[in-house]
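Trainee:
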Amino acid sequence: MPLILPLLLAVLLFCLGVYGVLARRNAITILMSFELMLNAVNLNLVAFDAWRLDGLATGQTLAVFVITLAAAEIGLGLAIVLLLFRGHGHVDADTARDLREQPELQENEL
Amino acid sequence: MTMTWTDWQAIAVPLVLALGAITVLLADALWRTGSKQVRHTVITLITGAAILFGLAFIAVQRNSVKPAFCRPAVEGPAQCSLVFEPLTVGLWAVLLIGGLGVVGLSAYRLLDVDIPVGEYHFLLLSALTGATVLAGARDLATVVIALEVVSLPSFAMVALRRDRRGSEGALKAFLVSVLSTAVMLFGISYLYGVTGSLYLQTIVTRLPAIDPDLRRVAFAAGLFVIVGFGFKIAAVPFHGWLPDTYAGAPVEVAAFLAVVSKSAGVGGLLVLVTFGVAPSGSSLRTVVCILAALTMTVGNLAALRQAEAVRLLAWSSIGQVGFLLAPLAVGDAQAAVGYLAAYVVVTLGAFGAVAVVQRHRPAGLLTDYRGMVRSEPGLGVALVFFLVVLAGLPPGLAGLFTKFAAFQAVLDAHIGWLAAVMAVNVMIGLAVYLRWIAELFRLPADDPFSVDIENPAVAVISTCAGAAVVLSILPSTLFALVT
Amino acid sequence: MSWLLIALLAVPALTAALLWALPAGTGERVAAIVGSVISGLVLIGSGVLWWKLVRPDGPSVLTAGDLPRTLPGKVHGYAETDVSWIPSLDVRFHLGIDTISMPLIALTALLVFLCCLYSLRITPRAGRMRSLIALLLVIETGVIGTFSALDLVLFFLFFEVVLIPMWLVIDIWGDDHDRAGRRRAATTFVLMTVLGSALMLLGFLLVHRLTGSFDIEYLSSHPWRSSGGTGLKAALLIAVGLAVKMPLWPLHIWLPDAHAKAPTVGSVLLAGVLLKLGSYGMIRILLPVLPGDSATIAPYLGGLSTVAIIAGSLACLAQTDVKRLIAYSSVGHMGFIGLGIATMSPEGLTGALFANIAHGIITGLLFFLAGAIKDRHDTSDLRAIGRALYARLPRIGGLLTFACLASLGLPGLAGFWGEMLVLLGAYHPGNLLPRTTFLVFMVVAGIGTVLTAAYFLRLVRNLCQGDPAEYPAAAFAVDLSRIELIAWAPLIVLTVFLGLWPWFLLQYWTFL
Amino acid sequence: MIATAWRVIGVGFSLLVILTAALLHGVDPQQADFAGSYAGIHTYISFGVRTDDLTVLMLAVVGVVSACVQVYSIGYLEKRVASYTALVTLFTAAMVTVVVSDSLFLLLIGWEVMGACSYLLIGHYWERQDARAGAMKAFLMTRLGDVGFLFGIFVLGVAGDTFRISDLHADQMSSPALTAGTLLLLVGVVGKSAQVPLQTWLPDAMPGPSPVSALIHAATMVAAGVFVIARLFDLFTAADATLTVLAIVACVTMVFAALCAMAAVEVKRVLAWSTVSQLAIMFAGLSLGTRDGRHAALFHLLTHAAFKGLLFLCAGVLLHQVGSAAFVVLRRYTRRGVLRKAMPVTFVTMTIGLGALAGVPGLAGFFSKDSVVEAAWDHARDGSTVGWVVLVSVCLTAVMTAFYCVRLWLWVFFRTPALAGALGAFEADDPMADLEDPDTSKLHDGSWLMLAPLILLAIAAAGLGYADGVHIDWPIALVTTVLALFGALPAYSLWQRGADPRPVLLEREFGVDSAYQRLFVVPVQWFAKLAVGGDRDVIGGYVRAAGKAGTLASEGFRRLQTGNVQTYLTAAVVGVVALAILAGVIGS
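Chains as they are written, first to last, in numbering that gives the first Met the number 0: chain A, 0 to 109; chain B, 0 to 482; chain C, 0 to 511; chain D, 0 to 587.
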């Protein structure tokens, strides 16, 4: 199999993930989109590893790490989303805006 | 592969920090009988001991070079995953001092009552572990893992108060961070594909020799890696999360983010730029220069109209990182670490002062500081001094000379435009801090801030002030961190 | 190691720290006394240092027949302290004085002393004398430090020292009626200066890249002779940085506001010594270190200075605020100094140095007087003050006329010699410079002296003269008080003395 | 108390000057340098003094006139005596400095200090608008000239490699430098001596106290220009172009000023214009470039100091007693025939003064003017055009001088027979003329303190003509006498008919003042507004705009901080792409 096919697929996956992150409001969906992006990375790594065959299986090793990492991230992410839900009653990422800049400057001078 | 004594030595500090983290967690979980005060004190002591071990270690070993987890390379010198060397010493010193300062700021009666002490210190030590590893990391896998070990506990710390603001801040930081990790990993995957290795040593030797067709790929990959760090250190345009997160987090955690987390990111980027993906002459360095210019300008400008102390510090920390990126972009580790050290000391002090005021005046507005040089002369003068150091004007010579070194680094690299942008930003930065200083000096104040300041806060702030004064008189100390 | 010079720097700074350490209540009362004593000691110290520098068997023996053929501004350091400070940045703690810097140091010490003395009785409405005196002393340290620094970085450092104190002085003790205005003025001042000095720092760094040294003494004996390229950039950056401070047209825009809004002592120091940091820097650093590139930019410098002379004078003609007017007059006078420097000729440089001192003395006096008038009328607006000051405050009015005559460069008073030598310098400028251009500058500057006379006479006519029937004396307005007389007398005496005996200073400045 | 002290000092100083002059008389010329310093290798600046005949002459003139004026002022002045006397003394000192100086810079110091004293003394009555304006004008116009003077010093000093007057020699200098230097010096001289085109300040300086006018604006300061040219005569004679220019200036001025004097309606203004005219005669003498010319000029300077000082002091008495020296006011008394009778001493001395000015044979002015004419005639006979021009101008001026002297004398002191008490030429536009009967009871001559100087100066004005040894060239004497008569007769006949035709052009003094106002003052004011506006709206505008831009940018970045994390993420992703492109652009 030529190298280009998995790479293309990875790019596609990554872009899909980026789109999801930017466009979806639901925090859970955003987390899933991240998974897509990380999987694109994994695909890349494995493909390159297979292409390189350097004997160390560096790419595959890193892919394993990435999977672990993704799991940890999702774990923490879900905890934060849960906290968000507890505070706000929903899990929409773009409506949590308590911390935005206050529009008018509360200063009497200057 | 077996662990040698050198390997153990090299990872001694992260290891002790990690062990300390576990100890703290276990102690807090298992020992429920003691009073809150005693538990807090014990935990603080354990945490402090772990960090102090690290400081003692680097003080003793500061001149040695200890490559760890090495394997002989096919071509060139051995490939190592973690190296203990002067640069590592400098970064660790900064990180550990910053961590110690945050621990001091979190001492009993200072830390918010809602925050669970054990978890807090556990997360702090964990992040510090990651930070130290990151500063010594010399392969991309270690970098990624270490970075995540720094980041994830940090978000947890932000959310530790479990309120609306905390969760929102944590979410923003988390989402941005995860995106950055994904982008960086994506870049790493291509870097691996292009060079066939994750060792920085190997990458740097192979990059110039790669197929010209792959140059663009390599460039994009490097860019992604740098951008990933850009998120971490909140370089513009990846900075959006930072002010919100600082504002949402407890002040101590904001201090932690500004000091340890940011230093870790800068350290990691420094390692990457100087040892790996962006050898001198690479256009990736230009990218970092652009990032530096953008970051300092936007950070300072946005700080110009802030009404809240923490937000002002948040934006100004973005501006400071911009200045930091300048010597970093030209690979001047000495200037960058020196800058980082001065920044860490005074930022800690400033956050300490803010923490004290914010405890009694939760609104955290700049106007709360009105007339403080008269009503709270010690705290007021110290805060003025910190701000002056941040602005880089006398008497804050620590700030002045680190900026000076940054200018020198940039000019020696013949990047005139960046130097000009920096000069303009010195001015904008001064305008930012002057507003605050003006409030401190303004008399008469309707309702001047005056309280009995908690002893630990006095200790931390005066230590920071003392350190800043010493560094101002002997700025060479700053540049001796990396020799 | 010269302990005397170090003491001149350290004593005011330490005293300032001490004043702040005093409890607020005690400090307010003793501050002015402590300030006067300490600044008096500094003045004595600088006098002793001067005497040691020029004593017959001293380090700089000058007789008419035996002139040292030196480059303009080459350092013959005395009372030197040279300690390595930050080796990694090649920064040294190198202090020293020579006959160029010594009079300026003495002038600084004198003006600060007089300001403290003046503050014994006359205090701004904001009070807080403890802090004011402390800040004045910090400014004194900064200025004396700048004048005695023999390392570029140290120069830059002391140059910056005065910024925040001066900002505070203007912001806290400035014009009572215009809080936003004084804040804006102070901030404009500090921001423009800091931008300028940052650019100047870039220039210093470029010099270091070219020559590998920050040491002024070394650089002045090993100047970067070739011109163009990086050296030109460095010269431009340094010139711009110093020009902001001086200030040279069109970078002068901070000056009128800052002077007008500052309290009396602030204006006196700002005009009297702070502006001199810029011109001193040009003579001490720009010309000796980068002679070739300085020659390249000198015509432009001279042109802008000439524009400053004319534009400053014209702006004065249309002013309605006495403090602003005097502030603008400084633009014109500093223009003369700039022109003198730009001629790169011995006469021009000597003139610039003399004008530095003379302007410090005369403008100090003018600002004292303007402050006195402002205090008595609670405004500095000419229309609100009214005319016929001769009838209401005859002594102050008379002194104002005297100061105006001195400032417009009347021969026989201190203001003349500087301007005359500058014009003479422009008549035959340095070898590398286009003579015709400078002749044009000379003629235009000469017309500028007439304009200078015009606005000062206009000031006298609109303020001092007039029908007393229309402007009856205010009941509370008292004429010259004793403390004012004491504080101003040295300036008056020096104005006359230097006017009649210019050799007192001229003999020390001999350039090739 | 202070005033008395100053008076003593003032009179004492004047006497000291006279004493010095007496002691120095006949002493060999000497120079002495004191105090000096290099400002550059070639530029040695020093103070030095010298003494020679010229110094002694000028010292005597200054000493005598200032002594007279100081004494006179004791009686004349009532308020602000201390400052007045101090300034007059300072002025005397400055004039002495000019006279004894051997250093161009010391000379300049005295030169400009005189100007400053003149300014302050003209503005002595600072309540009055005309005094304020006149003072300012006087200072500014002389200052303008002084800039040229300073540049002249530069040119000569640099060309001659010395700023010592006694070391300046024409043969050391290149001809262009010499011409340029002397021409520039001439600018200063023209300003100081109120010659065309810088003549307008002197008539406007008349609101000052009369003794000041006598001392500064008649006898000494304005004559300093003559002195300087006489001092540097060797340089000027070597520069033909300069002398020609000087001659033209002098001839134009003498005629111009005499014309103006003929139409002036105030005693002091007539005298002021006459001073300008007489100074021009001195310059004309100098411009001949001959020893005789120089001698004649200095002779005229001496006699002029005496009779013009006298005239101004007389005018001062009129002012002091009547309160004004305007013809129209004086006529109120004269029509009733009281002025002459109430103040006989003033009348007599003033008659002598006017006679001397008009060139009545036997009086001082007659001899000195004749010597100028004689010098010009000698020079003209040598085939010099300059000589002819000077000769004709001086003769013309003599006619006009006689005219305005007689006019002044008759109208001020005598009832017009033709009208016999009716309204005459001056009363026509005086609404008070018939309504008010002036209080003549208090009118009397001044105190003896004022009269004594008058008498002294009158003796001088009468007798100084013989001081130089009488040598009369009879044809010339005859011609000038006839010319004077030519001038006097029309004045007499006009007076007798009660008419005083004053052409508008002359009355407005050829419109020079308003032209200067339009040409210089108004544009400068306009430029001043432009400069202020430029600072405020252009340079200040940029600075404010920079500040505003900072604030706006700050607000903008705050706006971007919407709180929506996905906005941040989007910005970041866009940023990555932009960064890649930007780096590509910069890198390639």
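Even glycine gets a Cβ: it sits at the ideal position worked out from N, Cα and C.
1. Does the beta-carbon of Ala464 of chain B have 16 or more other beta-carbons within 10 angstroms, so that it is buried, or is it exposed?
2. Check the Cβ of Gln194 of chain D against every Cβ in chain A and list those closer than 7 Å, keeping chain order.
3. Below 8 Å on the Cβ atoms is my contact criterion, and I expect Leu75 of chain A with Phe173 of chain B to pass it. Report the Cβ-Cβ distance as a whole number of Å.
4. Would you kindly report the start and end of the unbroken beta strand (DSSP E) that includes Leu85 of chain C?
5. For my contact list, Val152 of chain C and Phe213 of chain C are in at a C-beta cut-off of 8 Å; report their separation, rounded to the angstrom.
6. Threshold first: 4 residues or longer. Then list the alpha helix (DSSP H) segments lying entirely within the stretch 329-405 of chain C, N to C.
7. Tyr426 of chain C touches chain D at which residues, Cβ-Cβ below 8 Å?
8. Which of the three DSSP states is assigned to Gly64 of chain C in this structure?
9. So, does the stretch 71-91 of chain B touch the stretch 239-257 of chain B, judging by three or more C-beta pairs under 8 Å?
10. Taking the beta strand (DSSP E) that Val48 of chain D belongs to, which residues open and close that run?
11. If I measure Cβ to Cβ from Asp534 of chain D and keep anything under 7 Å in the same chain, skipping five residues before and after, which residues do I get?
12. Would you call the CB atoms of Ala397 of chain B and Phe406 of chain B closer than 9 Å?
13. Who are the Cβ neighbours of Val12 of chain B in its own chain at under 6 Å, not counting the five residues just before and after it?
14. Can you pull out the residues from the stretch 461-472 of chain B whose beta carbon lies closer than 7 Å to at least one beta carbon of chain C?
15. Just the chain B side, please: which residues come within less than 8 Å of Thr186 of chain C by C-beta, in chain order?
16. Just to confirm the assignment, what range does the beta strand (DSSP E) spanning Phe32 of chain D have?
17. Answer yes or no: does any C-beta atom of chain D fall closer than 9 Å to that of Gly277 of chain C?
18. Please list the partners that Ser293 of chain C has in chain F, where partner means a Cβ-to-Cβ separation under 9 Å.
19. Could you please give me the residues that DSSP links to Leu94 of chain C through a beta bridge?
20. List, in chain order, every chain B residue whose beta-carbon is nearer than 8 Å to that of Val40 of chain A.
21. Is Trp50 of chain C near the ligand COA, in the sense that its beta carbon is under 8 Å from a heavy atom of that ligand?
22. At a Cβ threshold of 9 Å, is Gly264 of chain B touching chain D?
23. Taking the beta strand (DSSP E) that Leu81 of chain B falls in, what are its first and last residues?
24. Could you please give the first and the last residue of the uninterrupted beta strand (DSSP E) stretch that includes Arg70 of chain B?
25. Throw me the rounded Cβ distance for the Thr14 of chain C and Leu136 of chain C pair, which I believe falls under 8 Å.
26. In chain order, what residues of the same chain lie with their CB nearer than 6 Å to the CB of Pro493 of chain B, ignoring the 5 residues before and after it?
27. Using the Cα positions of Leu241 of chain B and Ala313 of chain B, report the straight-line distance between them to the nearest angstrom.
28. Show which residues of chain C have a CB atom less than 7 Å away from the CB atom of Pro474 of chain B.
29. So for Glu508 of chain D, helix, strand or coil by DSSP?
30. With 9 Å set as the bound, which would you pick, yes or no: does the beta-carbon of Leu57 of chain D sit closer than that to a beta-carbon of chain C?
31. Short of 8 Å Cβ to Cβ, which residues in the stretch 532-554 of chain D face chain B?
32. Would you identify the three-state DSSP class for Gln105 of chain A, choosing helix, strand or coil?
33. With which residues is Asp170 of chain C paired in a DSSP beta bridge?
34. Just to confirm the assignment, what range does the alpha helix (DSSP H) spanning Lys191 of chain D have?
35. On a Cα-Cα basis, can you pick out the residue from B:Pro236, B:Pro361 and B:Pro207 that is closest to Val320 of chain B?
36. Cβ atoms of Trp408 of chain D and Thr350 of chain D: under 9 Å apart, would you say?
Mentor: Let me spell this out:
1. Within the second sequence, residue 464 of chain B is the residue found at index 465, counting from 1. By the 10 Å Cβ count, Ala464 of chain B comes out buried.
2. Within the fourth sequence, residue 194 of chain D is the residue found at index 195, counting from 1. In chain order: nothing, as chain A lies at least about 60 Å away.
3. On the first sequence, residue 75 of chain A is found 76 positions in, with the first residue counted as 1. On the second sequence, residue 173 of chain B is found 174 positions in, with the first residue counted as 1. Correct: roughly 7 Å between the Cβ atoms.
4. Position 86 of the third sequence, counted from the first residue, corresponds to residue 85 of chain C. Inspection of the sequence shows that residue 85 of chain C is occupied by Ile rather than by Leu. Per DSSP, Ile85 of chain C is one residue of the beta strand (DSSP E) stretching across Tyr77 to Ile85.
5. Position 153 of the third sequence, counted from the first residue, corresponds to residue 152 of chain C. Position 214 of the third sequence, counted from the first residue, corresponds to residue 213 of chain C. About 5 Å; that satisfies the 8 Å criterion.
6. Runs found: 345-376, 381-384 and 388-391.
7. Counting from one through the third sequence, the residue named residue 426 of chain C turns up at place 427. Chain-ordered, the chain D residues with CB closer than 8 Å to the CB of Tyr426 of chain C read Phe150, Phe153, Val154 and Val157.
8. Position 65 of the third sequence, counted from the start, is the residue given in the question as residue 64 of chain C. Note that Gly64 of chain C scores a pLDDT of 41, beneath 50, so its modelled location is shaky and nothing firm can be said.
9. Cβ pair count under 8 Å is below three, so no.
10. Against the fourth sequence, residue 48 of chain D aligns to sequence position 49. In the DSSP annotation of this structure, the continuous segment of the beta strand (DSSP E) that includes Val48 of chain D starts and ends at Tyr43 to Thr50.
11. Mapped onto the fourth sequence, residue 534 of chain D falls at position 535. Nothing listed; no residue qualifies.
12. As a working mapping, residue 397 of chain B is identified with position 398 in the second sequence. As a working mapping, residue 406 of chain B is identified with position 407 in the second sequence. Result no, Cβ atoms of Ala397 of chain B and Phe406 of chain B do not sit closer than 9 Å.
13. Here residue 12 of chain B refers to the residue found at position 13 of the second sequence. Within the same chain, Val12 of chain B has close Cβ partners Gly53, Phe56 and Thr131.
14. Residues passing the 7 Å Cβ filter: none.
15. By 1-based counting over the third sequence, the position of residue 186 of chain C is 187. Residues of chain B whose Cβ lies closer than 8 Å to the Cβ of Thr186 of chain C are, in chain order, Ala430 and Leu433.
16. Along the fourth sequence, one-based indexing puts residue 32 of chain D at 33. Residue identity differs from the one stated: residue 32 of chain D is Asp in this sequence, not Phe. Run containing Asp32 of chain D: Gln29 to Tyr37, per the beta strand (DSSP E) assignment.
17. Here residue 277 of chain C corresponds to residue number 278 of the third sequence, with the count starting at 1. Cβ-Cβ to chain D under 9 Å: no for Gly277 of chain C.
18. Looking at the structure shown, chain F is missing, and the protein chains on hand are A, B, C and D.
19. Position 95 of the third sequence holds residue 94 of chain C. Answer by DSSP bridge pairing, in chain order: C:Thr80 and C:Ala148.
20. Stepping through the first sequence from its first residue, residue 40 of chain A is reached at position 41. Contact annotation for Val40 of chain A against chain B: Ala181, Leu184, Phe185, Ile187 and Ser188 [CB-CB distance below 8 Å, chain order].
21. As presented, the structure is devoid of all ligands, the ligand COA included, so that no description of it is given.
22. Taking the second sequence and counting its residues from 1, the one referred to as residue 264 of chain B is at position 265. The C-beta of Gly264 of chain B comes no closer than 9 Å to any C-beta of chain D.
23. What you label residue 81 of chain B is simply residue 82 of the second sequence in a count that begins at 1. Counting along the chain, the beta strand (DSSP E) containing Leu81 of chain B begins and ends at Gln78 to Phe83.
24. Position 71 of the second sequence, counted from the first residue, corresponds to residue 70 of chain B. Going by DSSP, Arg70 of chain B is part of the beta strand (DSSP E) stretching over Lys65 to Arg70.
25. For this step, residue 14 of chain C is matched to residue 15 along the third sequence. For this step, residue 136 of chain C is matched to residue 137 along the third sequence. With a Cβ gap of about 5 Å, Thr14 of chain C and Leu136 of chain C count as contacting.
26. Residue 493 of chain B falls outside the range modelled here, since chain B spans only 0 to 482, and no answer is possible.
27. Start at 1 with the first residue of the second sequence, and residue 241 of chain B comes out as number 242. Start at 1 with the first residue of the second sequence, and residue 313 of chain B comes out as number 314. Cα-Cα distance, rounded: 7 Å.
28. Translated into the one-based positions of the second sequence, residue 474 of chain B becomes position 475. Simply Ile85.
29. As a working mapping, residue 508 of chain D is identified with position 509 in the fourth sequence. Here Glu508 of chain D sits in helix by DSSP.
30. For the purposes of this step, residue 57 of chain D is identified with residue 58 of the fourth sequence, where counting begins at 1. The sequence given here places Met at residue 57 of chain D; Leu does not occur at that position. No, no contact with chain C.
31. From the stretch 532-554 of chain D, only Gly549, Thr550, Ala552, Ser553 and Glu554 have a Cβ closer than 8 Å to chain B.
32. For the purposes of this step, residue 105 of chain A is taken as the residue at position 106 of the first sequence. Note that Gln105 of chain A scores a pLDDT of 47, beneath 50, so its modelled location is shaky; the value from the coordinates is reported in the next line. DSSP places Gln105 of chain A in coil when its eight states are reduced to three.
33. Position 171 of the third sequence, counted from the first residue, corresponds to residue 170 of chain C. Note: Asp170 of chain C sits in no beta bridge, so no partner.
34. As a working note, residue 191 of chain D is residue 192 in the fourth sequence. Looking at the DSSP string, the run of the alpha helix (DSSP H) that includes Lys191 of chain D is Ser174 to Lys191.
35. Your numbering for residue 320 of chain B matches position 321 in the second sequence. The option with the nearest alpha carbon to Val320 of chain B is B:Pro236.
36. Here residue 350 of chain D is taken as the residue at index 351 of the fourth sequence, counted from 1. Here residue 408 of chain D is taken as the residue at index 409 of the fourth sequence, counted from 1. The answer is yes: Cβ separation under 9 Å.
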